[in-house]
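Chains S and H, in that order, are what the protein sequence lines are.
Under our numbering, the first sequence has 54 at position 54, and the numbering climbs by one with no breaks.
Under our numbering, the second sequence has 1146 at position 146, and the numbering climbs by one with no breaks.
A virtual CB, placed ideally from N, CA and C, is assigned to each residue, including glycine.
Remarks on the structure that follows.
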Amino acid sequence: MQLGKLLGIIGIILISVFLLVAIRNYFSNSQITNNIVKEVDAGAKNNGEEQIVDLSVKNYNYYPNTINLKYNVPAKIVVDTNKVRGCLQSIVIPDFGVRKFVTAKDNIISFVPDKKGTFSFSCSMGMGFGKIVVS
Amino acid sequence: MSIINKEAECDNCEPEHKHHSSSKLIFKVEKSMIKTAFYNLIFLILIETIAYFGFFKNIPDFFSKYGYYLIFLVIAVVINSIAIWHIKAYRHVFSCTTGMMIGMTIGMSSGFSIGLIVGATNGMFIGSLAGIIVGIIVGSYAGNCCGIMGIMEGMMAGLMGGLMGAMTSVMTLNDNLAVFVPILMISVLAMIIGLIIMIYQEEISKKPDVHYHGFELLPFITVNFIITLGLTFLMVFGPRSFLFG
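Here's what the structure looks like:
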């Protein structure tokens, strides 16, 4: 019974403090913001001899999510292992025979996109995925 | 002391401590439970709305990132807390088997639902941690009605539920998680309704003397307020895994 009353008093105090801070924030417009970055598409850098794509993670998935490549030009996917962690490090591109677990020391996936079309890539567990568009 | 004397005595005492014969108690506690759940739901929705305008309004993509899951956080807190309210209203009448069932169901449902929701915004580590902590505390408290066996069952189910909830969330992030969460919450609600029916059929309707010992509304709402707001701020401003960029 004593605990119930104590909890009731604590509740009234906490709810009052919460309301006061919320009202003050609302009128002073000094709200807290977190550092969410909106998704922006990114493509491959092409130096004529090879195409280089930087692959990272954003919004629970690979970023960029769609990779545009040129047909028959060797491609290199450079994986940012500081962000690509866990099962996402095990990258599978079935149509180009790629299956690689990237590490900090070996973070480049090389292949030649010798087929035109849209192909999928994913992590080995299928939790992260994306598309490769070869044109 | 006879039941009649107890009732007469308790007509003058505080409303949360009454004795009744089970025939007079048909759905009395359950009706009171539904009323409490409704007040609790309205209160928590109001708190989340105030929190949005007071703290989260300037966060870009708030609804898709957090708001959607905060709705289910409120629902999860209401479902699990009201199940505890119902169990604690009958705290002295349970057998050990029923107590273990209670500990397991409440531990699993609370751990799983909190792990699932926090995991959807913060990832595996924080989601599991929140699910395990809530699941173990709530499960052991609910299972306490029949002693150490219920407590152990509640703790184990809380641990398992917390891990499973966060894991489910993280593994379905790119596979219709937004659709999966309401389906899972409906499943949790169905299990809790089943538990309430089980308690009534197996324990309450068979006993000649039932001890009714409900919670006061203010302390009950206070605990829900602290849990909901704590988890809300954890979901919005807490640390998150690499998956969330």
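Any C-beta of chain H under 8 angstroms from that of residue i
| i | result |
| --- | --- |
| S:ILE23 | yes |
| S:ILE138 | With chain S represented from 1 up to 135, any question about residue 138 of chain S goes unanswered, as that position is not in the structure. |
| S:ALA42 | For S:ALA42, the predicted structure reports a pLDDT of 49, less than 50, and the residue's modelled location is therefore unreliable. A value from the coordinates is still provided. No, no contact with chain H. |
| S:ILE36 | Its pLDDT being 39, under 50, S:ILE36 is placed unreliably by the model, and the measurement read from it follows with that caveat. So yes, S:ILE36 belongs to the interface. |
| S:PHE101 | no |
| S:GLN4 | The residue you asked about is not Gln; residue 4 of chain S is Gly in the sequence shown. Closer than 8 angstroms to some Cβ of chain H, the Cβ of S:GLY4 qualifies, so yes. |
| S:PHE119 | no |
Own chain partners of residue i with C-beta closer than 8 angstroms, once the 5 adjacent residues on each side are dropped
| i | result |
| --- | --- |
| S:ASN35 | Low confidence applies to S:ASN35: its pLDDT is 42, below 50, so where it sits in the model is not reliable, and the reading given next is rough at best. If we look at S:ASN35 and ignore the five residues flanking it on each side, it has no Cβ neighbours. |
| S:THR103 | THR81 and GLN89 |
| H:PHE1220 | THR1036, ASN1040, SER1081 and TRP1085 |
| H:PRO1182 | PHE1072 |
| H:GLU1030 | HIS1086, ILE1196 and TYR1200 |
| S:GLU50 | VAL73, PRO74, ALA75 and LYS76 |
Cβ-Cβ distance between residue i and residue j below 8 angstroms
| i | j | result |
| --- | --- | --- |
| S:VAL79 | S:ASN107 | yes |
| H:SER1064 | H:GLY1127 | no |
| S:VAL139 | S:ASN68 | Any property of residue 139 of chain S remains undetermined from this structure, which presents chain S solely from 1 to 135. |
| H:ILE1084 | H:ILE1117 | no |
| H:GLY1135 | H:ASN1144 | no |
| H:ALA1130 | H:VAL1078 | no |
| H:VAL1210 | H:TYR1090 | yes |
| H:ASN1122 | H:PRO1239 | yes |
| S:GLY166 | H:ASN1174 | It is not possible to answer for residue 166 of chain S, since the shown part of chain S is limited to 1 through 135. |
| H:MET1191 | H:ALA1157 | no |
C-beta neighbour in chain S for residue i, strict 8 angstroms
| i | result |
| --- | --- |
| H:THR1222 | yes |
| H:ASN1144 | no |
| H:MET1235 | no |
| H:LEU1163 | no |
| H:MET1185 | no |
| H:LEU1041 | no |
| H:LEU1229 | yes |
| H:MET1171 | yes |
Chain-ordered chain S contacts of residue i [CB-CB under 9 angstroms]
| i | result |
| --- | --- |
| H:PHE1225 | GLY11, LEU14, ILE15 and PHE18 |
Chain-ordered neighbours of residue i on chain S, where CB pairs are closer than 7 angstroms
| i | result |
| --- | --- |
| H:ALA1051 | ALA22 |
Cβ shell of residue i (< 6 angstroms), same chain only, five flanking positions each side left out
| i | result |
| --- | --- |
| S:ARG99 | VAL92 |
| S:PHE119 | ASP95 and ILE132 |
| S:VAL112 | PRO74 |
| H:GLY1162 | GLY1111, GLY1115, SER1128, GLY1131, ILE1132 and GLY1135 |
Beta-ladder partner(s) of residue i, from DSSP
| i | result |
| --- | --- |
| S:LEU55 | S:VAL79 |
| S:GLY130 | S:PHE121 |
| S:LYS100 | S:ILE91 |
| S:ILE109 | S:ILE77 |
| S:ILE67 | S:ILE132 |
Chain-ordered neighbours of residue i on chain H, where CB pairs are closer than 7 angstroms
| i | result |
| --- | --- |
| S:GLY61 | Checking the sequence, you will find Asn at residue 61 of chain S rather than Gly. What S:ASN61 touches in chain H: ASN1174. |
| S:PHE129 | ASN1174 |
Partners in chain H for residue i, counting only beta-carbon separations shorter than 8 angstroms
| i | result |
| --- | --- |
| S:LEU7 | LEU1218, PRO1219, THR1222 and VAL1223 |
Close-in-space but distant-in-sequence residues of the same chain around residue i (CB under 7 angstroms, 5 per side omitted)
| i | result |
| --- | --- |
| H:MET1185 | PHE1072, ILE1075, ALA1076 and SER1113 |
| H:ILE1045 | VAL1074 |
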